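Heads up, the thing below is written out as structure tokens.
Number of protein chains: 2
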Amino acid sequence: MALFSFTEENYIKCIYHLGKSSPMVSTNAIAQNLNTKAASVTDMLRKLSDKEILIYQKYKGVKLKALGESIAIKTIRKQRLWECFLVEKLEFGWDEVLEVAEQLEHIQSPKLTDSLDAFLGFPSYDPHGDPIPNKQGVFPSSLGKTLDAYKPGLKLKITAVKDSSPEFLRYLEKLKIDLKTKIEIIEIEDFDQSMVVKIDGVVRSLSQVTCQNIYAQ
Amino acid sequence: MALFSFTEENYIKCIYHLGKSSPMVSTNAIAQNLNTKAASVTDMLRKLSDKEILIYQKYKGVKLKALGESIAIKTIRKQRLWECFLVEKLEFGWDEVLEVAEQLEHIQSPKLTDSLDAFLGFPSYDPHGDPIPNKQGVFPSSLGKTLDAYKPGLKLKITAVKDSSPEFLRYLEKLKIDLKTKIEIIEIEDFDQSMVVKIDGVVRSLSQVTCQNIYAQ
DNA sequence: CAATTTTTTTAGGTTCGTCTAAATTTATAT
DNA sequence: ATATAAATTTAGACGAACCTAAAAAAATTG
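For the protein sequence lines, the chains are A and B, in the order given. Using this note's numbering, the first residue of the first sequence is number 1, and each one after it goes up by one. Using this note's numbering, the first residue of the second sequence is number 218, and each one after it goes up by one.
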């Protein structure tokens, strides 16, 4: 297993993010994003290309290969787990975490990452609401969002729960809510953000807290 | 406030440790300790000397100046706090922590260090039993012990507090307890381990919890 | 105390990641 | 379609931290 430098990881992460909005990432875009100069980027791109991390064609921009994607996702996983830690355990404000998390994300220790994940209760989203890939590199995006993020009129399917305590699960059982249950949002009460929903033809009310702990899509 | 590189911090920490057993630290000793070559050490020593971190005389070895000591102690503080975190919170074995802690100790964020310290309950010793300097760089050995470890009849001087929350500090103010306050232990109540003490001629009672958070010697 | 060994420093070179300035390729616009 | 503008790459250099080999200083030893 090859190791990558702090700097290389930053380039890879940057290219991953920029790649979300355009298939080919340009030298200049990277330079701007990393606060560096285009010439420095070109040098690094040739190096990363030699290392099979990305596909680079002169003047045509760059695209991550599978290896590069996996490094990017591992780095993002670490960053977002550390952000959770800082906010939830060390009482940082969500706006103070970035600088520190960008240092912590380069610590090399798979055991540390996975232990931290477990210690935090395997969170799916970081304090900014960004999804955290799991150990296998899979994002929770396929879970949709928590119920409270949706609007009346939608017909959804429950995908997961956030709080998986026995208490909450027992409560859901009582409501006849299960994985894959179909749910229709009838309306949202203005005064307490509780939701009126239809489940199996039965109309029920769910508190805001409950909605914040149910993923649906 | 100047910042120091990962590498510089390692040299400084190494010199600090070697300086414990001999006043002048030799080039070769450093090279061996850091798994590098004497020539590389010489280069770095000249650089650190220029930065006022240590006193370097050709062929005579090296000795940290106040600035160097303070950097070393800050780094040691971070290393040992992280070791506590890894063992206590993430269930690492005490023999697995070194490699990871030596990465984590270079994270630059005073807020992170102090929050971590608080999160861990201001530990005085790491999992290997090594003392952890406090925020002011003072090692617990020179702080004496917490009050609850002493016996009646002793006349002591307050050296520090363990819990430095505003709440506790305000409470101490009310008791007229300050750094360097002289305190005499009159007796210890058997049933709740509270202490009757004389401060400035006034007799007061301190709860066990309070005593556990005041260092004296 | 002179010779040898050990330690340390100097000299010169390498890699990594950066830079500026100049050259080249691609894109845009008249 | 050709001129101009923008993006990108090349060339050459720099600082940091490292290296090897050779020179110099200090310590050891007969």
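Note that the Cβ used here is the ideal one computed from N, Cα and C, for glycine as well. Owing to the predicted nature of the structure, the values given are computational and were not obtained by experimental measurement.
Subject >> From H323/B, E313/B, K268/B and S326/B, residue whose alpha carbon lies closest to that of P110/A >> reply: By one-based count along the first sequence, residue 110/A stands at place 110. Checking every option, the nearest Cα to that of P110/A belongs to E313/B.
**OP:** For K393/B, collect the residues of the same chain with a Cβ closer than 7 Å to its Cβ; drop the 5 residues on either side in sequence, then sort them by chain order.
**Re:** Taking the first residue of the second sequence as position 1, residue 393/B is located at position 176. Same-chain partners within the cutoff: I416 and D417.
Subject >> Contact list for K89/A against chain B, beta-carbon separation under 8 Å >> reply: Here the question's residue 89/A lines up with position 89 in the first sequence. Result: F336.
**OP:** Using beta-carbon positions only, say whether K63/A and I76/A come within less than 8 Å of one another.
**Re:** Indexing the first sequence from 1 puts residue 63/A at position 63. Indexing the first sequence from 1 puts residue 76/A at position 76. In this structure, I76/A does not lie closer than 8 Å to K63/A by Cβ.
Original post:
Closest by CA to K374/B, which one among P357/B, F356/B and D395/B?
Top reply: Residue mapping note: residue 374/B aligns to position 157 of the second sequence, counting from 1. When each option's Cα is compared against that of K374/B, the closest is D395/B.
Original post:
Between the region 313 to 347 of chain B and chain A, which residues of the former have CB atoms less than 9 Å from a CB of the latter, in chain order?
Top reply: E313, E316, V317, Q320, L321, H323, I324, Q325, S326, K328, L329, S332, L333, A335 and F336
Original post:
Can K151/A and I185/A be called in contact, C-beta distance under 8 Å?
Top reply: As a working mapping, residue 151/A is identified with position 151 in the first sequence. As a working mapping, residue 185/A is identified with position 185 in the first sequence. Taking 8 Å as the Cβ cut-off, K151/A and I185/A qualify as a contacting pair.
**OP:** Ignore the nearest five residues each way along the sequence and tell me which others in K78/A's own chain have a CB closer than 6 Å to its CB.
**Re:** One-based indexing of the first sequence puts residue 78/A at position 78. Answer for K78/A: E105 and T113, listed in chain order.
Original post:
When the Cα of D365/B is compared with those of V414/B, K277/B and E308/B, which residue comes out closest?
Top reply: Along the second sequence, one-based indexing puts residue 365/B at 148. Selected option, being the one with the closest Cα: V414/B.
Original post:
Three or more C-beta pairs closer than 8 Å, one from the region 300 to 313 of chain B and one from the region 233 to 252 of chain B: is that the case here?
Top reply: no
**OP:** Rounded to whole angstroms, what's the CA-CA distance from I400/B to K372/B? Just pull it up for me.
**Re:** The count along the second sequence starts at 1 and reaches residue 400/B at position 183. The count along the second sequence starts at 1 and reaches residue 372/B at position 155. I400/B and K372/B: Cα-Cα distance of roughly 6 Å.
**OP:** For T75/A, verify whether its CB is less than 7 Å away from any heavy atom of the ligand SAM.
**Re:** Absent from the structure shown: the ligand SAM. Ligands present: none.
Original post:
Between the C-alpha atoms of E226/B and N252/B, what's the straight-line distance to the nearest angstrom?
Top reply: The sequence position of residue 226/B within the second sequence is 9, counting from 1. The sequence position of residue 252/B within the second sequence is 35, counting from 1. Each residue's alpha carbon lies about 15 Å from the other.
Subject >> Alpha-carbon spacing of E69/A relative to I12/A, whole angstroms >> reply: Here the question's residue 69/A lines up with position 69 in the first sequence. Here the question's residue 12/A lines up with position 12 in the first sequence. Computed Cα separation, rounded: 8 Å.
**OP:** Using the DSSP secondary-structure output, state which residues sit across from K374/B in a beta bridge.
**Re:** For the purposes of this step, residue 374/B is identified with residue 157 of the second sequence, where counting begins at 1. BP columns for K374/B point to K399/B.
**OP:** Along the alpha helix (DSSP H) that carries M24/A, what are the first and last residues, could you check?
**Re:** Walking along the first sequence from the start, residue 24/A turns up at place 24. Careful: M24/A lies outside any alpha helix (DSSP H) and carries neither H nor E.
Original post:
Out of curiosity, what's the CA-to-CA distance linking D407/B and S382/B?
Top reply: Taking the first residue of the second sequence as position 1, residue 407/B is located at position 190. Taking the first residue of the second sequence as position 1, residue 382/B is located at position 165. Cα to Cα, the separation comes out at about 28 Å.
Original post:
With which residues is Q57/A paired in a DSSP beta bridge?
Top reply: Position 57 of the first sequence holds residue 57/A. BP columns for Q57/A point to G61/A.
Subject >> Coil, strand or helix - I30/A by DSSP >> reply: Locating residue 30/A in the first sequence gives position 30, counting from the first residue. Of the three classes helix, strand and coil, the one that applies to I30/A here is helix, per DSSP.
Original post:
With 16 as the cutoff for other CB atoms within 10 Å, does G137/A come out buried or exposed?
Top reply: Mapped onto the first sequence, residue 137/A falls at position 137. Classification for G137/A: exposed.
Original post:
Is the beta carbon of T376/B sitting closer than 8 Å to the one on Q434/B?
Top reply: Here residue 376/B refers to the residue found at position 159 of the second sequence. Here residue 434/B refers to the residue found at position 217 of the second sequence. Yes, the pair counts as a contact, with Cβ atoms nearer than the cut-off.
Original post:
Alpha carbon to alpha carbon, what distance is there between V317/B and D334/B?
Top reply: Along the second sequence, one-based indexing puts residue 334/B at 117. Along the second sequence, one-based indexing puts residue 317/B at 100. In a straight line, the C-alpha of D334/B is about 17 Å away from that of V317/B.
Original post:
To which residues does DSSP link L206/A through a beta bridge?
Top reply: Start at 1 with the first residue of the first sequence, and residue 206/A comes out as number 206. DSSP output for L206/A lists M195/A as bridge partner(s).
Subject >> Distance between T224/B and F122/A (C-alpha atoms, nearest Å) >> reply: By one-based count along the first sequence, residue 122/A stands at place 122. By one-based count along the second sequence, residue 224/B stands at place 7. Going by the C-alpha atoms only, they are around 34 Å apart.
Original post:
Taking the alpha helix (DSSP H) that Y11/A falls in, what are its first and last residues?
Top reply: For the purposes of this step, residue 11/A is taken as the residue at position 11 of the first sequence. Residues F6 to G19.
**OP:** Report buried or exposed for R80/A, applying the criterion of at least 16 other Cβ atoms within 10 angstroms of its Cβ.
**Re:** Residue numbering aside, residue 80/A sits at position 80 when the first sequence is read from its first letter. Label assigned to R80/A: buried.
Original post:
What is the rounded straight-line gap between the Cα of K65/A and the Cα of A72/A?
Top reply: Start at 1 with the first residue of the first sequence, and residue 65/A comes out as number 65. Start at 1 with the first residue of the first sequence, and residue 72/A comes out as number 72. Looking at the two C-alpha atoms, the distance is approximately 11 Å.
Original post:
What separation, rounded to the nearest whole angstrom, lies between the Cα atoms of V202/A and R170/A?
Top reply: Against the first sequence, residue 202/A aligns to sequence position 202. Against the first sequence, residue 170/A aligns to sequence position 170. Taking the straight line joining both Cα atoms gives about 19 Å.
Subject >> C428/B vs T363/B beta-carbon contact at 8 Å >> reply: Here residue 428/B is taken as the residue at index 211 of the second sequence, counted from 1. Here residue 363/B is taken as the residue at index 146 of the second sequence, counted from 1. For C428/B and T363/B, yes; Cβs fall inside 8 Å.
Subject >> Simplified DSSP state of E171/A, which is helix, strand or coil >> reply: Residue mapping note: residue 171/A aligns to position 171 of the first sequence, counting from 1. Note on residue identity: the sequence assigns Tyr, not Glu, to residue 171/A. Helix, per DSSP.
Original post:
Using the C-alpha atoms, what's the distance from K60/A back to E167/A?
Top reply: Indexing the first sequence from 1 puts residue 167/A at position 167. Indexing the first sequence from 1 puts residue 60/A at position 60. Computed Cα separation, rounded: 55 Å.
Original post:
Considering I76/A, what are the terminal residues of the alpha helix (DSSP H) in which it resides?
Top reply: Along the first sequence, one-based indexing puts residue 76/A at 76. First-last of the alpha helix (DSSP H) with I76/A: A66 to C84.
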